[in-house]
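A.B. asks:
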Amino acid sequence: MTDRIDGSDASSSEDLIRQAREAYVPAEDAPAPPARESSPATAAAPSASTAEPASEPAAITRPSDYVRAEYQTPDGVPASAPPSSAVTYEAQRPSFIQRFGGLLVGLAVVGGFIAFATFDRTTSVDDLAVGDCLRMPNSDEISSVESAPCAEDHELEVFATVVLSESSIAAYPGEDAVANAIFDLCLPRFQPYVGASYDTSAWYINTIFPTRESWEEADDREGTCVVYQPGINDEPVTLSGTARASNI
Numbered sequence: 007m008t009d010r011i012d013g014s015d016a017s018s019s020e021d022l023i024r025q026a027r028e029a030y031v032p033a034e035d036a037p038a039p040p041a042r043e044s045s046p047a048t049a050a051a052p053s054a055s056t057a058e059p060a061s062e063p064a065a066i067t068r069p070s071d072y073v074r075a076e077y078q079t080p081d082g083v084p085a086s087a088p089p090s091s092a093v094t095y096e097a098q099r100p101s102f103i104q105r106f107g108g109l110l111v112g113l114a115v116v117g118g119f120i121a122f123a124t125f126d127r128t129t130s131v132d133d134l135a136v137g138d139c140l141r142m143p144n145s146d147e148i149s150s151v152e153s154a155p156c157a158e159d160h161e162l163e164v165f166a167t168v169v170l171s172e173s174s175i176a177a178y179p180g181e182d183a184v185a186n187a188i189f190d191l192c193l194p195r196f197q198p199y200v201g202a203s204y205d206t207s208a209w210y211i212n213t214i215f216p217t218r219e220s221w222e223e224a225d226d227r228e229g230t231c232v233v234y235q236p237g238i239n240d241e242p243v244t245l246s247g248t249a250r251a252s253n254i
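So for the sequence shown, the numbering used here puts the first residue at 7; every next one is plus one.
(1) Find the nearest neighbour of V164 within the set S171, V151, N239, D182, judged by alpha-carbon distance.
(2) So for T67, helix, strand or coil by DSSP?
(3) How far does the alpha helix (DSSP H) with A224 in it reach, from first residue to last?
(4) Roughly how many angstroms separate the alpha carbons of A251 and I188, rounded to a whole number?
(5) Out of curiosity, what's the CA-to-CA distance linking E228 and D132?
(6) Where does E228 sit, in a helix, a strand or coil, going by DSSP?
(7) Over the uninterrupted alpha helix (DSSP H) stretch that includes V184, give me the two end residues.
(8) How about A202 and I254: do their beta carbons lie closer than 7 Å?
(9) In this structure, does DSSP put N239 in helix, strand or coil?
(10) Can you tell me whether R24 is buried or exposed? The criterion is at least 16 other CB atoms within 10 Å of its CB, across all chains shown.
(11) What do you get for P179, buried or exposed, if any count of 16 or more other CB atoms within 10 angstroms of its CB means buried?
(12) Report back the beta-carbon spacing between V232 and L162 to the nearest angstrom; my notes put them in contact at under 8 Å.
(13) Looking at the unbroken beta strand (DSSP E) that takes in A166, where does it start and where does it end?
Written out as structure tokens, the structure is:
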């Protein structure tokens, strides 16, 4: 039996192929799908070549380094400071006249006595000797000084007596100048008596010096060097005992 190919069946196959060919559209000719807006979550990040660089913080203006001024010590004062408990240096130690602003007008000698005051135990300045202890005068102008045993209460102690040369100062130069000239003679005698350097000692120096009257009428050129310890407002404190060889 011979099979035959049905003509209608063949025609149907060819029709299907032809329809399929007509319906086929190449991909490049196909219409593009409608555009969709990208959400922030799906938006593509710009490429590294197109991204703007991050802004740099503003530059900090830094002041120039602070230069500390070199400390300048007063003339004649060593660069190293004394212990905090020590008294100030010689150049910063005024006399009683300066220290108390006129409250005590020096220990000026008149006719062999300290001027213008009297006490129960008065001592002529001519009789004052190294190691004598004295009470602090309590008047603006004094003519004598009250002595006291060093074991009892006192404020001042004699550690030297000096004499100004006749040729060094002719005319009376004033109380401050005389006191300073005597101070200069007292200073080198301080450490041998006290046992400590004046720059670091707890003791101050003061002077007993002639008045103009004593200078001109009695040719008085003698001075007395005394020590004391300052308290509140730098006023001499009351002590018992001696400054001699105290080593402070």
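Heads up, the beta-carbon is just placed ideally off N, CA and C, and yes, glycines get one too.
Treat the numbers as computed from the prediction; the structure is a model and nothing was measured.
C.D. replies: This is what the structure gives:
(1) Here residue 164 refers to the residue found at position 158 of the sequence shown. Residue nearest to V164 within the set S171, V151, N239, D182 is V151 (criterion: CA-CA distance).
(2) Position 61 of the sequence shown, counting from 1, holds the residue named residue 67. Note that T67 scores a pLDDT of 33, beneath 50, so its modelled location is shaky; the value from the coordinates is reported in the next line. Looking at T67 - three-state DSSP - the assignment turns out to be coil, as it is neither helix nor strand.
(3) Here residue 224 is taken as the residue at index 218 of the sequence shown, counted from 1. A224: member of the alpha helix (DSSP H) spanning 218 to 224, first to last residue.
(4) Residue mapping note: residue 251 aligns to position 245 of the sequence shown, counting from 1. Residue mapping note: residue 188 aligns to position 182 of the sequence shown, counting from 1. Rounded to whole angstroms, the separation of the alpha carbons of I188 and A251 is 22 Å.
(5) Taking the sequence shown and counting its residues from 1, the one referred to as residue 228 is at position 222. Taking the sequence shown and counting its residues from 1, the one referred to as residue 132 is at position 126. For E228 and D132, the distance between alpha carbons rounds to 9 Å.
(6) Counting from 1 along the sequence shown, the entry for residue 228 is found at position 222. The three-state secondary structure of E228, taken from DSSP, is strand.
(7) Counting from 1 along the sequence shown, the entry for residue 184 is found at position 178. Counting along the chain, the alpha helix (DSSP H) containing V184 begins and ends at 181 to 200.
(8) On the sequence shown, position 196 is the one that residue 202 refers to. On the sequence shown, position 248 is the one that residue 254 refers to. Result yes, Cβ atoms of A202 and I254 sit closer than 7 Å.
(9) Walking along the sequence shown from the start, residue 239 turns up at place 233. In the three-state reduction of the DSSP assignment, N239 falls in the helix class, which pools H, G and I.
(10) Locating residue 24 in the sequence shown gives position 18, where the first residue counts as 1. R24 should be labelled exposed.
(11) Taking the sequence shown and counting its residues from 1, one reaches residue 179 at position 173. Residue burial is scored here from C-beta neighbours: P179 has fewer than 16 other C-beta atoms within 10 angstroms and is therefore classed as exposed.
(12) Taking the first residue of the sequence shown as 1, we reach residue 232 at position 226. Taking the first residue of the sequence shown as 1, we reach residue 162 at position 156. Between the beta-carbon of V232 and that of L162 there is about 4 Å, and that keeps the pair under the 8 Å contact cut.
(13) On the sequence shown, residue 166 is found 160 positions in, with the first residue counted as 1. Element bounds for A166: 162 to 169.
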